[in-house]
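There are 2 protein chains.
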Amino acid sequence: MSSSPQPPGETAPVSGRRRITGFSNPTVKAIRALRDKKHRKGAGRFLAEGLRLLTDARASGHLPEVLVLSDARDPHPLLAELEAAVTATGGEVLETTPDILSKITGKDNPQGVAGVFAEFDTSLAAIDRAGADIWLVAQALRDPGNLGTMLRTGDAIGAGGLILIDDCADPFGVEAVRASMGAVFTQRIARAPWEEFLPWLRGGAGQLVAASLRDARPYREAPYAAPCFILVGNESRGLPEDYEMACDLRVTMPMKGRADSLNAAVAAAVLGYEVLAGLGR
Amino acid sequence: MSSSPQPPGETAPVSGRRRITGFSNPTVKAIRALRDKKHRKGAGRFLAEGLRLLTDARASGHLPEVLVLSDARDPHPLLAELEAAVTATGGEVLETTPDILSKITGKDNPQGVAGVFAEFDTSLAAIDRAGADIWLVAQALRDPGNLGTMLRTGDAIGAGGLILIDDCADPFGVEAVRASMGAVFTQRIARAPWEEFLPWLRGGAGQLVAASLRDARPYREAPYAAPCFILVGNESRGLPEDYEMACDLRVTMPMKGRADSLNAAVAAAVLGYEVLAGLGR
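First to last, the protein sequences are chains A and B.
Per our numbering, the first sequence runs over residues -16 to 264.
Per our numbering, the second sequence runs over residues -16 to 264.
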């Protein structure tokens, strides 16, 4: 243990934990900055919160580099295991007040624990298409809640992961991570422009399917085939026409009312569950 | 036209429109306050934005009491019709700057038009169960985005409306209205505590269905019957056990991953589309 003076807003570590009580502490500032996309990109790190989520992360082979504990947390055996695992792998454990944790995560009622994780490889090389029957693909998806919900749905339907085409929201943003309910750790995530994605897809087996109004078949009667890549488009504009026409299969879902489209995450889920059933899984 | 002096931040009306250029104008403040639930409740009014949404509202018989136009709007025949209809029914038309409209709607890039609407009757008496084969029911749904998305999905599957049980988010909040994509005007909305809802439901025909893990049948093989009421629970806690047990049918959807639940709006949609198909609609 060093005898050098503590940074502002810290007291000396006890039992391996650094204790931080100052809002202006540089570590607090650095972690909090991860809520901002630019800082996140520069640091290659992101923030996830909650014992459930951090436990899922650990079970998927992802341990936080920094574990932040609220001193108002409830004790839990899984939390103790998590702390031990983080310490054993050379990670850092911080203890702080609920107010400071709230400031870090941007939530009024913060959960008792948060973690700082290294971002993963998000190149198409990270995708082993033979590893799953279904893959979700989103194009220019702007809403981080939709993105996180698609990850969560992907986990539920046994998809391998989510491929983000063109300019999508950041899957490592706090809101996307939160909406994913841990699936950000269990689903593979790749990012690629369309010009890179399409040749990659055509370089192997893969059926590309989109919900569409153009030359489409009823979604309950379509011949889905694994590995099936389900493509959904931007929230306002939908898919560009040439992207739709590049698909192997265009399907349409009933639209009984005034609206002509579903929420993007809803469309992915309805189609995803249909493909799951269509493949007999 | 009155010759009395204008309120602060206004110029004299031209062609029936009041022109407002001051942020501190009392009308601007009053409309902006509708973003706050308490003010909204007191005023019995809510805010909706965008030409598409206001056109859907008009087609469903809802005209705004106040129409707010940005002076940076693009001219559109539907907008001209809307303005004429509002004026003809004694409504008010305001013209203001994009900055002020942005302040009113809380959006950085405001659409060119917004409207102030009177809230509707949200008692169960507003629900004519024979009017539709499917009704969505949400219990303690806290997220306004989920609520709006359920309205949008309800429109798509031809549901009659959304019944909000216990303490739900406000369907007339800006975020819910936005996520509904206009369905807040086309779907019936009712609010009731469970103790009132259940006797109402049992007072007529109606099958109550919930996604559940308790004594549940596979959702693709369940005997759905119209009018079918699809019940989804709170985002964190799900449905209380006694609510589930009061259902006529409990169904289960595949969960292939680590998660044991879907996003509430996603669950409602997957089940809603299945019921639609099951009913042969």
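Don't be surprised by glycine CBs; every beta carbon is placed ideally from N, CA and C.
Since this is a predicted model, take the numbers as computed values, not measurements.
According to DSSP, what are the bridge partners of A173(B)? I146(B)
Can a CB atom of chain A be found closer than 9 Å to the CB of L52(B)? no
Between L191(A) and the rest of its own chain, which residues show a CB-CB distance below 8 Å, the 5 nearest in sequence each way excluded? Contacts found: V120, L184, F212, L214, A229, C230, D231 and L232.
So, does the stretch 124 to 140 of chain B touch the stretch 95 to 114 of chain B, judging by three or more C-beta pairs under 8 Å? no
Buried versus exposed, by CB contacts within 10 Å (16 or more), G263(A): exposed
If we define contact as Cβ-Cβ less than 9 Å, is K239(A) a contact residue for chain B? yes
Is any beta-carbon of chain A found at less than 9 Å from that of A152(B)? no
Cα-Cα separation, R241(A) to D54(B): 29 Å
My understanding is that T88(A) touches E32(A), with C-beta atoms under 8 Å, so please give their C-beta distance in whole angstroms. With a contact defined as Cβ atoms closer than 8 Å, T88(A) and E32(A) qualify at about 5 Å.
Where the alpha helix (DSSP H) containing A272(A) begins and where it ends: Outside the shown range of chain A (-16 to 264) lies residue 272(A), about which nothing can therefore be said.
Cβ of V249(A) less than 9 Å from any chain B Cβ? yes
Within 10 Å of its beta-carbon, does N246(B) have 16 or more other beta-carbons around it, so buried, or fewer, so exposed? By the neighbour-count definition (other C-beta atoms within 10 Å, threshold 16), N246(B) is a buried residue.
Between the stretch 85 to 99 of chain B and the stretch 25 to 41 of chain B, are three or more C-beta pairs nearer than 8 Å? These segments touch.
Leaving aside the five residues before and after T70(B) along the sequence, list all residues of the same chain whose C-beta is less than 7 Å from its C-beta, in chain order. G(-1) and V76
P58(B), DSSP secondary structure in three states: coil
Relative to the C-alpha of R161(A), which residue among G131(A), A188(A) and L145(A) is closest? G131(A)
Would you say D39(A) faces chain B, with C-beta separation under 9 Å as the test? yes
Short Cβ contact (9 Å threshold) for F155(B) with H45(B): No, these two residues do not count as a Cβ contact at 9 Å.
Looking at chain B, is there any beta carbon in it that lies within less than 9 Å of the beta carbon of G89(A)? So no, G89(A) is outside the interface.
Taking only runs of the beta strand (DSSP E) that begin and end inside the stretch 77 to 143 of chain B, which ones reach a length of at least 3 residues, in chain order? 96 to 101 and 117 to 122
Using a Cβ-Cβ distance cut-off of 9 Å, determine whether R264(B) contacts chain A. At least one chain A Cβ lies under 9 Å of R264(B).
Helix, strand or coil: which one does DSSP assign to G63(B)? Note on residue identity: the sequence assigns Ala, not Gly, to residue 63(B). The three-state secondary structure of A63(B), taken from DSSP, is helix.
Give me the chain B residues within the contact set of D138(A), using Cβ-Cβ distance strictly less than 8 Å, ordered along the chain. K239, G240, R241 and A242
Assign M(-16)(B) to one of three DSSP states: helix, strand, or coil. In this prediction, M(-16)(B) has a pLDDT of 41, which is less than 50 and means its spatial position is unreliable; what the coordinates show is noted afterwards. If DSSP states are grouped into helix, strand and coil, M(-16)(B) belongs with coil.
Just tell me which of A260(A), R2(A), R203(A) and L52(A) has its CA closest to the CA of G141(A). Considering only A260(A), R2(A), R203(A) and L52(A), the residue with the shortest C-alpha distance to G141(A) is A260(A).
Along the chain, where does the alpha helix (DSSP H) containing T235(B) start, and where does it finish? Careful: T235(B) lies outside any alpha helix (DSSP H), inside the beta strand (DSSP E) at L232 to T235.
Where A188(A) falls, given that 16 or more other Cβ within 10 Å makes a residue buried: exposed
Within chain B, the residues that A166(A) reaches when beta carbons sit closer than 8 Å: G240, R241 and A242
Sequence-distant residues of the same chain with beta carbon closer than 7 Å to A269(A), five excluded per side: Because chain A here runs from -16 to 264, residue 269(A) falls outside it and cannot be looked at.
Between the Cα of K86(B) and those of M164(B), I3(B) and G221(B), spot the shortest distance and give me the residue it belongs to. I3(B)
Report all residues from its chain with a CB closer than 7 Å to the CB of I83(A); omit the five preceding and five following residues, and keep chain order. I3, F6 and V11
Taking V253(B) as the query, report the chain A residues whose CB atoms sit under 8 Å from its CB, ordered along the chain. A252, V253 and Y256
By how many angstroms is the C-alpha of L52(B) removed from the C-alpha of A63(B)? Computed Cα separation, rounded: 11 Å.
Can you tell me whether DSSP reads F29(A) as helix, strand or coil? The three-state reading of DSSP puts F29(A) in strand, counting E and B together.
Spatial neighbours of Y256(A) within its chain, please: C-beta separation below 8 Å, excluding the five flanking residues on both sides. Around Y256(A): I140.
Does at least one heavy atom of the ligand MN sit under 8 Å from the Cβ of D149(B)? No copy of the ligand MN appears in this structure; indeed no ligand is present at all.
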